[in-house]
Amino acid sequence: MLRIEGLTKTYKTGDTALRGVSLEVPTGQILGLIGPSGAGKSTLIRCVNRLVEPSSGSIMLGDIDLAGLNRAELRRQRRRIGMIFQEYALVERLTLMENVLSGRLGYVSFWRSLLRRFPGKDIQRAYQLLDRVGLIDHVDKRADALSGGQRQRVGIARALAQEPELLLVDEPTASLDPKTSRQIMRLLTEICAERDLPAVVNIHDVPLAKQFMQRIVGLRAGEIVFDGPPSDLTESA
Ligand code: ADP
Ligand code: ADP
Numbered sequence: 001m002l003r004i005e006g007l008t009k010t011y012k013t014g015d016t017a018l019r020g021v022s023l024e025v026p027t028g029q030i031l032g033l034i035g036p037s038g039a040g041k042s043t044l045i046r047c048v049n050r051l052v053e054p055s056s057g058s059i060m061l062g063d064i065d066l067a068g069l070n071r072a073e074l075r076r077q078r079r080r081i082g083m084i085f086q087e088y089a090l091v092e093r094l095t096l097m098e099n100v101l102s103g104r105l106g107y108v109s110f111w112r113s114l115l116r117r118f119p120g121k122d123i124q125r126a127y128q129l130l131d132r133v134g135l136i137d138h139v140d141k142r143a144d145a146l147s148g149g150q151r152q153r154v155g156i157a158r159a160l161a162q163e164p165e166l167l168l169v170d171e172p173t174a175s176l177d178p179k180t181s182r183q184i185m186r187l188l189t190e191i192c193a194e195r196d197l198p199a200v201v202n203i204h205d206v207p208l209a210k211q212f213m214q215r216i217v218g219l220r221a222g223e224i225v226f227d228g229p230p231s232d233l234t235e236s237a
């Protein structure tokens, strides 16, 4: 489980993006972050994996405070966190299989022959994941041959290949049409439920959040202004 306490972020420019945010995400819960542009949603997600350095506060994943780690320790702990991005961040010229296997490394290797060194069980597992996201017939295609929805499915499979304890998902459907967006959200929520995997999803689309999230946290000017089930969300939130 993830437990954030008193998280504050002030950028060098003087912009305060988070003002003492505290938030617990229990195992298996899928939480949607909503709020107007500039509310601090991306900053919150990026602080959790330390793409952005928190100014103060703690970020406990299990019993480790991610906010207090040095670089070497952080690299190890980041493997516990799966990231899914708006723009998929796939390596265009690599196959789906290779993209998913790169999730096992926790980083992308441009040295292709490295992928050949993966043990059979990693390859087997990558097949299973690509099957689970509905892409088993495309494993040898290059990423640049796919549609947006297919690419996000690869993004999901790659994050899972890491066997993460937490998923951080940054606007996963922002580049997709409404129908594909719903398919991707359905897949994501099903997979989290199957694996009892907690997820924090930055979701700009409120109707989509209401349809798929178990819990919604509304941010405004760096503070939590709503926290509850989608059914409690009113127009003003
Ligand atoms: P959201 O994801 O909700 O749109 P952000 O976390 O991107 O919000 O931004 C929150 C605030 O922090 C905004 O005022 C934004 O301008 C500021 N901000 C975000 N990233 C940076 C940065 N790298 N440097 C300075 N200010 C930033
Ligand atoms: P998002 O869709 O995540 O809110 P933005 O378009 O606000 O993204 O920001 C794009 C990039 O610019 C991000 O890396 C963000 O951290 C950075 N950024 C946002 N606001 C500022 C700012 N005021 N000063 C510097 N960088 C910023």
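For the sequence shown, full-length UniProt numbering gives the first residue as 1, with consecutive numbering after it. Note that beta-carbon positions come from the ideal geometry of N, C-alpha and C, so glycine has one too. It should be emphasised that the depicted structure is a prediction, and the values quoted were computed from it without experimental measurement.
| Query | Result |
| --- | --- |
| Residues bridged to M1 [DSSP beta-bridge criterion] | Note: M1 sits in no beta bridge, so no partner. |
| Distance cut-off 7 Å: A17 Cβ against heavy atoms of ligand 1 | yes |
| Proximity test, L219 beta-carbon vs ligand 1 heavy atom, cut-off 7 Å | yes |
| With 16 other Cβ atoms within 10 Å as the buried cut-off, status of I136 | exposed |
| Between the CA atoms of N99 and D15 - distance to the nearest angstrom | 36 Å |
| beta-carbon residue 240 near ligand 1 non-hydrogen atom, thresh 7 Å | Residue 240 is absent from the model: the chain starts at 1 and stops at 237. |
| heavy atom of ligand 1 below 7 Å from A39 C-beta | yes |
| Neighbourhood of G6 by C-beta distance below 8 Å, restricted to the same chain and skipping five residues each side | G20, V21, S22, S56, G57 and S58 |
| G149 and L176 closer than 8 Å at C-beta | yes |
| Residue environment, G68, which counts as buried when at least 16 other CB atoms sit within 10 Å | exposed |
| Inter-stretch contact (C-beta, 8 Å, three-pair minimum) for the segment 202-212 and the segment 117-137 | no |
| Inter-residue CB distance, G103 and Q29 (contact presumed, cutoff 8 Å) | No, G103 and Q29 are not in contact; Cβ-Cβ is about 23 Å, not under 8 Å. |
| heavy atom of ligand 1 below 7 Å from Y88 C-beta | no |
| Distance cut-off 7 Å: L35 Cβ against heavy atoms of ligand 1 | Leu is not the amino acid found at residue 35; the sequence shown has Gly there. Yes, the beta carbon of G35 sits closer than 7 Å to at least one heavy atom of ligand 1. |
| Three-way DSSP call (helix, strand, coil) for K9 in this model | strand |
| Extent of the continuous alpha helix (DSSP H) to which M185 belongs | P178 to R195 |
| S55 beta carbon near ligand 1 (any heavy atom closer than 7 Å) | no |
| Opening and closing residue of the beta strand (DSSP E) in which A17 lies | T16 to V25 |
| Beta-carbon gap between residue 238 and T95 smaller than 8 Å | Residue 238 lies beyond the stretch modelled for the chain, which goes from 1 to 237, so this question has no answer here. |
| Length at least 3, wholly inside the segment 20-65: the beta strand (DSSP E) runs in chain order | 30-34 and 56-61 |
| Strand pairing of M83, partner residues [DSSP] | L168 |
| Any non-hydrogen atom of ligand 4 within 7 Å of T8 CB | You won't find ligand 4 in this model; what it holds is ligand 1 and ligand 2. |
| Neighbour-count burial assignment, R71, 16 or more Cβ in a 10 Å radius | exposed |
| Contacting residues, own chain, Cβ-Cβ under 8 Å from P164 (five flanking each side not counted) | R79, R80, I81, G82 and L197 |
| Nearest neighbour of Q214, chosen from V225, M1 and S231 [CA to CA] | S231 |
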